[in-house]
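Only one structure is covered here, and it is reproduced in the block below.
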Amino acid sequence: MTQLDSPPRSPTGGAAPLERRTVPLGRRLRRASMPWLLLAPALLVLAVLLLWPMLRVLNLSLQDFELRNLLRGESNYIGLDNYVQVLTDPFLWKTVLPNTVGFALVCVVLTMIVGTVVAVFLNSLGTAWRSISTTAIMVAWAVPALTGTYIFVWLFDPQSGLVISTLDGLGVMEPGSFNWFTNRWTFYAIATINVVYHGFPFIAVTMLAGLMTVPKELYEAAAMDGATAWSRFWNVTVPALRPIIAVCVILSTIWDFKVFVQIYLMPGGDGSTREVMNLGVWSYTQSFAQGEYGMGSTIAVLLTALLLVISVIYLRVLMKEDEL
Amino acid sequence: MNPRTRAGTAGRAIGVVVLISLSLFPCYWMISTAVDPSPLSRGASLLPSGFTLDHFRHVLVDAGFLRYVRISVIVSVGTVVLSAIVALLAAVAVARFRFRLRTQVLVMVLMVQMVPLEALVIPLFLQARNLSMLNSLLGLVIVYLSFSLPFAIWNLRGFVAAVPKELEEAAYMDGATWLRMFRSVLLPLVAPGLVATSVFSFITAWNEFIFALTFMQDSSKYTVGVGLRTFFTQNSADWGSVMAASTVITLPVVIFFVLVQRNLASGLTAGAVKG
Amino acid sequence: MIARRKVLAAGAAGSAALALAACSGDSGGGDGGVVDGSGKTITMWLMEGTNASADTYIEELKAAFTEATGATLDVQVQPWDGAHDKFVTAMAGGTGPDVAEVGTTWVPEFADAGGLDDLTEDIDAAGLAEGMVEGLVEAGTLDGVMYGMPWYAGVRSILGNKDLLDEAGVTTQPESWDDLLTMITTLKEHNPDWIPFPIPGASIFAATPFIWGAGGEIASDDGGSWSAAINAPEAVEGLSWYTDLALKHGSSTAAANTWVETDVLAEFLQEKVPMFITGSWVPATIAQDNPELAEKLVAFTIPAKDSAVAPSFLGGSLMCRFLETEEPELSFELIKLVTTGDFATRWAEETNYFPGTTEAMEEIVEAGDELTKVFATQMLEGGKSVPVTPAWGKIEGAKTMNTLVSSVLGGADVQEAADTAAAEMDEIFGG
Chain A
122 MTQLDSPPRS
132 PTGGAAPLER
142 RTVPLGRRLR
152 RASMPWLLLA
162 PALLVLAVLL
172 LWPMLRVLNL
182 SLQDFELRNL
192 LRGESNYIGL
202 DNYVQVLTDP
212 FLWKTVLPNT
222 VGFALVCVVL
232 TMIVGTVVAV
242 FLNSLGTAWR
252 SISTTAIMVA
262 WAVPALTGTY
272 IFVWLFDPQS
282 GLVISTLDGL
292 GVMEPGSFNW
302 FTNRWTFYAI
312 ATINVVYHGF
322 PFIAVTMLAG
332 LMTVPKELYE
342 AAAMDGATAW
352 SRFWNVTVPA
362 LRPIIAVCVI
372 LSTIWDFKVF
382 VQIYLMPGGD
392 GSTREVMNLG
402 VWSYTQSFAQ
412 GEYGMGSTIA
422 VLLTALLLVI
432 SVIYLRVLMK
442 EDEL
Chain B
29 MNPRTRAGTA
39 GRAIGVVVLI
49 SLSLFPCYWM
59 ISTAVDPSPL
69 SRGASLLPSG
79 FTLDHFRHVL
89 VDAGFLRYVR
99 ISVIVSVGTV
109 VLSAIVALLA
119 AVAVARFRFR
129 LRTQVLVMVL
139 MVQMVPLEAL
149 VIPLFLQARN
159 LSMLNSLLGL
169 VIVYLSFSLP
179 FAIWNLRGFV
189 AAVPKELEEA
199 AYMDGATWLR
209 MFRSVLLPLV
219 APGLVATSVF
229 SFITAWNEFI
239 FALTFMQDSS
249 KYTVGVGLRT
259 FFTQNSADWG
269 SVMAASTVIT
279 LPVVIFFVLV
289 QRNLASGLTA
299 GAVKG
Chain C
692 MIARRKVLAA
702 GAAGSAALAL
712 AACSGDSGGG
722 DGGVVDGSGK
732 TITMWLMEGT
742 NASADTYIEE
752 LKAAFTEATG
762 ATLDVQVQPW
772 DGAHDKFVTA
782 MAGGTGPDVA
792 EVGTTWVPEF
802 ADAGGLDDLT
812 EDIDAAGLAE
822 GMVEGLVEAG
832 TLDGVMYGMP
842 WYAGVRSILG
852 NKDLLDEAGV
862 TTQPESWDDL
872 LTMITTLKEH
882 NPDWIPFPIP
892 GASIFAATPF
902 IWGAGGEIAS
912 DDGGSWSAAI
922 NAPEAVEGLS
932 WYTDLALKHG
942 SSTAAANTWV
952 ETDVLAEFLQ
962 EKVPMFITGS
972 WVPATIAQDN
982 PELAEKLVAF
992 TIPAKDSAVA
1002 PSFLGGSLMC
1012 RFLETEEPEL
1022 SFELIKLVTT
1032 GDFATRWAEE
1042 TNYFPGTTEA
1052 MEEIVEAGDE
1062 LTKVFATQML
1072 EGGKSVPVTP
1082 AWGKIEGAKT
1092 MNTLVSSVLG
1102 GADVQEAADT
1112 AAAEMDEIFG
1122 G
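Chains as they are written, first to last, in our numbering: chain A, 122 to 445; chain B, 29 to 303; chain C, 692 to 1122.
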């Protein structure tokens, strides 16, 4: 089947066509090495730019590495001191961790609910309206996190934003009477709206594509058995879409735990309002505002460990190996 | 038509209106603020108080926003081209070959997406410093390549797997080499997937912020994201101009998305479900 | 306005004369004159917003530098917001400029980290060591070594809109906190739509005059080892009084809790704010953005608890050379060009900052118009610096003081918030 290939340079090469049962060693090696050749560039990039830096971050997290160490090229190992300091800091347990985990949980749940509802709704529409609506939610998806954040900051501007102006018009609140961005709850409420708005289209579009592959007969059969719409959803749709739901949940969990820009760019989000800090921002400001690269790395390692644990649990619970 | 279906139709119509208006509203608000001569006193009025292109002129001409756009275009296109090539090769490997450690490679590809970028900023920054890659567009492209790769491989894998093996074998029968087969059979068939993947890589690079902020200290090499932030800190109360600048950044992405949405949706499913 | 410009020009000319004398002394020394830099490029960072007409200044500076040395000058303008992080990152990455304008409070930190170059010898050799403004020299000196060449200084006072103040009938210099409070309540009663005296949560130097004005300190120096004093009774009293203006007397708006100074300025330009705390350099910016408003400006010194002049932060900038520069001599030529002679004069003239020499300062006070006089009084009688220690830059980087002010504005208990801030400062001082 590979006639134009140059013949393998093995002594048995010439005899190969006759001996159909044993594939020559050279060719076997070529077949075995082919995938690795194709994978090589990708693996190289991932190793150099993702895995090696992870090791480096681990190494840095064991040091008291400050700007002056960096400039003078000295290392300064202090064992697990950074970890002890971070893990015994009430700021981590009372503020940063709840902010990170709570926010991510709420965002994942809301994004999944909104996305699924929209997908089911879209699936019930005719082709024309479905594609118009899909285009509209694509726009929501396409708005970059960066500009999306500024739009929401502007909508919620305490002095002249749309929200306060509307509330003012209703006689509920005076402009300038309350600053949404200095309160932990309202700050994260705005961030949640921002993240869910940006995240639900992916879920909706992916789930819709899945829904459209579910055979109509299954629903008809269920309907014949007298199942309600709700139980049809749970007994037919959900099992059929299990792999897709799993991927959606995993991806949005990963994305929502890593939210950085949406927080960092909000007023007070870059570290000036302590109450609203999350792990990502904390790590970044420790390193690049304070020059404490060691401490920043420690926090980064904790964030990564948290994500890995969650991902492994997900993979175990939601996916079977053969689905990969 | 019985009342029940009529109610259903009405409900769906309302649903469509609500969905579309909520989805488009932030974008509408951005653009309408950008053309409003006095956005600060607009209040809760849905329509802008007038029409002006002053904010856009201010952003593009006075603030020189076009040069940020140029930098971002260079970086994004570079990322797209490189990641398409590298990811396609890797996708063929995992979709077409059964080899030892294949599952492990796939799990790794999935897992590396979980690594938070903030964790990598510090070591990559130090690495780039040692290699004199700070302030360099190439350095940024390489970093973005590594971020867009996992998703691109994952995504393309489904497309490659969906190409019937028989087509490949037919090509070999006609005497084609692997490379030839790749070019004339596989490539055309996975092209839609490549488009979808490229859109993703483009957006990854176009929207990225932390690395651009940390790596690019030279203001002539700011990407749109860093440019927008700088612009925002300088004109924090000037919402008309900030929204005009946001529009300049958002529109290309939105247009891009809408144009390829069909490919994108099928690409995602193909990537998400086994092809 | 015209009168003030003339005065400043005269004052600045004085400093120019001094500087020129210094320069000629230098070239008389016969060290071969100016460095030849043809084919080379020097990068300089300037902070944004200091000079409203910076563009023309920069163009002419570039031309002059190229003429003098043959080298090309690349000037990059950086916004103050986020500048500290940017400097830290640039030093860490070795991607910093050759020369940069560095705010006084950051010089010790950057010098200590090893990012800035020792200028002592160069300054001595150029004969520039005498007659510089004391506060700036102090800020630029760490362990007896000068890390920056004084460029300009400024101070914050209260700037008002005469029309609005006249309308409400409050026009006299407040002699104490009580007077200031009376002014504010009168303004508030006169027109509830105004923001009588905004309390910007992200601007700490609007708050420090009240901490100092009550006899408090941010931190105290005990023979070289610093400890936080921000939670001592006097400091807390000042802080409570200042934040109560917003919380109890309606002088501000909740939106201001995250405002920086430019946000307040934006509101002032809309003529919704009758008075606010701002720097001596701001009138020039207002003149550019809203010339009509610039005609009706009036200034008051920030009062202390029982007197008319509270200590106010003496800020400013020094010109520093980065350690990583490959062209130290050429860089120093640029520093000289900017901080002495014509360009120094023009900078002072265009920005309403006070030049870096004492003599020129005094001339301004003698001959100045009302605005200049008020600011100069605040500076000469109340000019005060933040703790001169490398740790201070980190405290600024950690936004400890900003967090303190904004959390109190957000409803936190003053003493508790101050204790938290003090603990954080002590940790930084200690480590």
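By construction, the Cβ of each residue, glycine as well, lies at the ideal position given by its N, Cα and C atoms.
Please read these numbers as outputs of a predicted model, since none were measured by experiment.
DSSP, read as helix, strand or coil, puts C/Trp950 in coil. Within the stretch 774-810 of chain C, the runs of beta strand (DSSP E) at least 3 residues long that lie entirely inside it are, in chain order, 790-794.
Considering only beta carbons, the part of the stretch 146-159 of chain B lying closer than 9 Å to chain C consists of Phe153, Leu154, Ala156 and Arg157, in chain order. In the DSSP assignment, C/Trp885 falls outside any alpha helix (DSSP H) and carries neither an H nor an E. Contact with chain C is found for A/Gln280, since one of that chain's Cβ atoms lies less than 8 Å from the residue's Cβ. Out of A/Gly292, A/Leu218 and A/Tyr385, the CA that lies nearest to the CA of A/Thr406 is found in A/Tyr385. In this structure, the straight-line span from the alpha carbon of C/Ser971 to that of C/Tyr843 is close to 11 Å. For C/Gln767, the nearest CB of chain B lies under 8 Å from its own CB, placing it at the interface with that chain.
The Cβ-Cβ distance between B/Ser212 and B/Ala198 does not fall below 8 Å. Residues of the same chain with a CB within less than 6 Å of the CB of C/Asp808, apart from the 5 flanking positions on each side, are Arg1012 and Leu1014 in chain order. Judged by DSSP in its simplified three-state form, C/Asn922 adopts coil rather than helix or strand. Residue environment: A/Leu208 is assigned as exposed (fewer than 16 neighbouring CB atoms within 10 Å of its CB, all protein chains considered).
Residue state for B/Gly186 is assigned as helix, using DSSP reduced to three classes. At a Cβ-Cβ threshold of 8 Å, C/Thr1030 and C/Leu850 do not count as neighbours.
Per DSSP, the unbroken beta strand (DSSP E) holding C/Thr734 starts and ends at Thr732 to Met738. Between C/Tyr933 and C/Ala898, the beta carbon gap of about 6 Å places them in contact (Cβ cut-off 8 Å).
Contact note: C/Ala781 reaches chain B through Gln245, using a C-beta cutoff of 8 Å and chain order. Within the same chain, Cβ atoms closer than 6 Å to the Cβ of C/Leu1095 are found at Ala1108 and Ala1112, the five residues on either side in sequence being excluded. Scanning its chain for C-beta atoms nearer than 6 Å, with the 5 sequence neighbours on each side dropped, one finds around C/Val1105 the residues Val927, Leu930, Ser931 and Val1099, in chain order. In summary, the residues of the stretch 288-301 of chain A whose CB is separated from some CB of chain C by less than 8 Å are Pro296, Gly297, Ser298, Phe299 and Asn300, in the order they occur in the chain. When C-beta distances to chain C are compared with 7 Å, the residues of the stretch 399-411 of chain A below that value are Phe409, Ala410 and Gln411, in chain order. Scanning the stretch 802-857 of chain C for uninterrupted alpha helix (DSSP H) segments of 4 residues or longer gives 811-816 and 825-831, listed from N- to C-terminal end.
By the CB criterion at 8 Å, C/Thr832 and C/Asp789 fall outside the cutoff. Between C/Leu810 and C/Met782, the CB-CB gap reaches or exceeds 8 Å. Nearest to B/Ile150 by C-alpha distance, out of A/Leu372, A/Ile375, A/Ser418 and A/Gly401, is A/Ser418. For C/Ser1097, the nearest CB of chain A lies under 8 Å from its own CB, placing it at the interface with that chain. If one requires a minimum length of 4 residues, the alpha helix (DSSP H) runs lying completely within the stretch 43-97 of chain B are 82-85, in chain order. Using a Cβ distance threshold of 8 Å, A/Val239 and A/Ala348 do not count as a contacting pair. The residue from C/Ala905, C/Val955, C/Thr953 and C/Thr949 with its alpha-carbon nearest to that of A/Gly390 is C/Thr949.
Rounded to whole angstroms, the gap between the alpha carbons of C/Asp997 and C/Leu871 is 11 Å. Secondary structure in the stretch 1068-1116 of chain C: the alpha helix (DSSP H) runs of 4 residues or longer, each lying completely within the stretch, are 1081-1088 and 1091-1100 in chain order. Of the other Cβ atoms in all chains shown, fewer than 16 fall within 10 Å of the Cβ of A/Tyr198; this residue is therefore exposed. Between B/Val223 and B/Ala240, the gap from beta carbon to beta carbon reaches 8 Å or more. In the three-state reduction of the DSSP assignment, C/Leu1009 falls in the strand class, which pools E and B. In the three-state reduction of the DSSP assignment, B/Thr225 falls in the helix class.
Your pair A/Leu171 and B/Leu195 does not check out as a contact, with CB atoms roughly 34 Å apart and the cut at 8 Å.
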